[in-house]
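Worksheet: one structure, shown below.
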Amino acid sequence: MRIHLRPLLLAAAAAVLAGPVQAQSFVAEYPAVEGSDARYLREWLIETGRVERLATWLNGWIRMPRRVTLRMVECPSSDIRWNGEEHTVEMCYRMITRLYGIAEGRDSLVEAATGAHYFVTLHGVAHGIIEELNLPVGVDPEAAVDELSALLLIAASRNPENPAFVVGGVTALQAADPGWGNWVYARTHGLGPERFQNVACLVYGSNSERFASLRTSGLVPQGARQRCRTAALRSMDVWSRRLGRYLRTG
Numbered sequence: 199m200r201i202h203l204r205p206l207l208l209a210a211a212a213a214v215l216a217g218p219v220q221a222q223s224f225v226a227e228y229p230a231v232e233g234s235d236a237r238y239l240r241e242w243l244i245e246t247g248r249v250e251r252l253a254t255w256l257n258g259w260i261r262m263p264r265r266v267t268l269r270m271v272e273c274p275s276s277d278i279r280w281n282g283e284e285h286t287v288e289m290c291y292r293m294i295t296r297l298y299g300i301a302e303g304r305d306s307l308v309e310a311a312t313g314a315h316y317f318v319t320l321h322g323v324a325h326g327i328i329e330e331l332n333l334p335v336g337v338d339p340e341a342a343v344d345e346l347s348a349l350l351l352i353a354a355s356r357n358p359e360n361p362a363f364v365v366g367g368v369t370a371l372q373a374a375d376p377g378w379g380n381w382v383y384a385r386t387h388g389l390g391p392e393r394f395q396n397v398a399c400l401v402y403g404s405n406s407e408r409f410a411s412l413r414t415s416g417l418v419p420q421g422a423r424q425r426c427r428t429a430a431l432r433s434m435d436v437w438s439r440r441l442g443r444y445l446r447t448g
């Protein structure tokens, strides 16, 4: 499979994640691969610098006690997972291939695939941060990861349209692929439409004017402003206390 997406994705990648260079808590890594699709994607990612931009932004946002690797890997399933033994977020090339395979060249779904890829990547990073810092997550670890993913999305969004682009991308691909629930990643993390509504609600509630597009696009229901604001304030308070001494920025 060949993905000719450079013109569509370079601007989006730069807009979603950018930041000053800091001491390297996070680093990108591209081990050698064998398959032709993985080789193509490896070259594409190195050329576009998407993973490096994510690492640079994370380094400007949080200070980790040890180095964490964002590693692109060749694996048989569509997955992004935390490898605690190696302090590594492992991101499968097959995830990229499958997300853009759903799009089949349709511009609206190509953009949706880009947004979805950012979200699942941030979700994997959130797992890594929680486990690496040994943070308390209560009885529902995936809900805690969702909340931290929303916080990452808020913190990374210089453009207020980006949350709608990212969360809406996942929602669009779920609707376009009836088999979404059978993906290894979806089964492992229990990702369903209601989960993304919760993420959208938290982002919207953090600043309903800045992120108004989440409501106007239908990702957040009409009349949910106060409920989302209450949930967002609670979540931000909890996570600011959990992460406080590690954060480089507010």
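With this note's numbering as the guide, the letters of the sequence shown map in order to residues 199 to 448.
No residue lacks a Cβ here, since even glycine has one placed at the ideal position from N, Cα and C.
These numbers were taken from a predicted model, which means no experiment stands behind them.
- An exposed status is given to residue 230, since fewer than 16 other beta-carbon atoms sit within 10 Å of its beta-carbon.
- One alpha carbon belongs to residue 262, the other to residue 376, and they sit about 38 Å apart.
- For residue 422, the secondary structure class from DSSP, reduced to helix, strand or coil, is coil.
- For residue 224, the three-state secondary structure derived from DSSP is strand.
- With respect to residue 371, residue 347 sits apart: the two C-beta atoms are not nearer than 8 Å.
- Counting every other CB atom within 10 Å of its CB across the protein chains shown gives residue 297 a total of 16 or more, marking it as buried.
- Taking 8 Å as the upper bound for CB-CB distance, residue 412 and residue 361 are in contact here, some 6 Å apart.
- Pairing residue 264 with residue 257, the inter-Cα distance amounts to about 12 Å.
- Excluding its 5 nearest sequence neighbours in each direction, residue 369 has C-beta neighbours in its own chain below 6 Å: 394, listed in chain order.
- Around the Cβ of residue 254, a 10 Å sphere holds 16 or more other Cβ atoms; the residue is buried.
- Going by DSSP, residue 244 is part of no beta strand (DSSP E) but of the alpha helix (DSSP H) stretching over 234-246.
- The closest CA to that of residue 443, considering only 309, 357, 259, 359, is found on 259.
- A straight line joining the alpha-carbon of residue 226 with that of residue 441 spans about 23 Å.
- The residue among 332, 402, 304 with its C-alpha nearest the C-alpha of residue 349 is 402.
- Within the model, the alpha-carbon separation for residue 406 versus residue 427 is close to 8 Å.
- Bridge partners of residue 280 according to DSSP: 287.
- The C-beta distance from residue 281 to residue 288 rounds to 5 Å, short enough to meet the 8 Å contact threshold.
- Taking a contact as a CB-CB distance under 8 Å, the pair residue 268 and residue 252 counts as one, their CB atoms being some 6 Å apart.
- Between residue 313 and residue 363, the C-beta spacing is below 8 Å.
- In the displayed model, residue 371 falls within a helix according to three-state DSSP.
- Excluding five sequence positions before and after residue 311, the CB atoms of its chain that fall closer than 7 Å to its own CB belong to 297, 298, 300, 301, 367, 371, given in chain order.
- Non-local beta-carbon contacts of residue 240 in its own chain, meaning distances under 8 Å to residues more than five positions away in sequence, involve 228, 231, 270, 291 in chain order.
- Close CB contacts of residue 234 within its chain, under the 8 Å cut and outside five residues either way in sequence, are absent.
- Beta-bridge partners of residue 300 (DSSP): none assigned.
- Distance between residue 420 and residue 409, taken at the CA atoms: about 14 Å.
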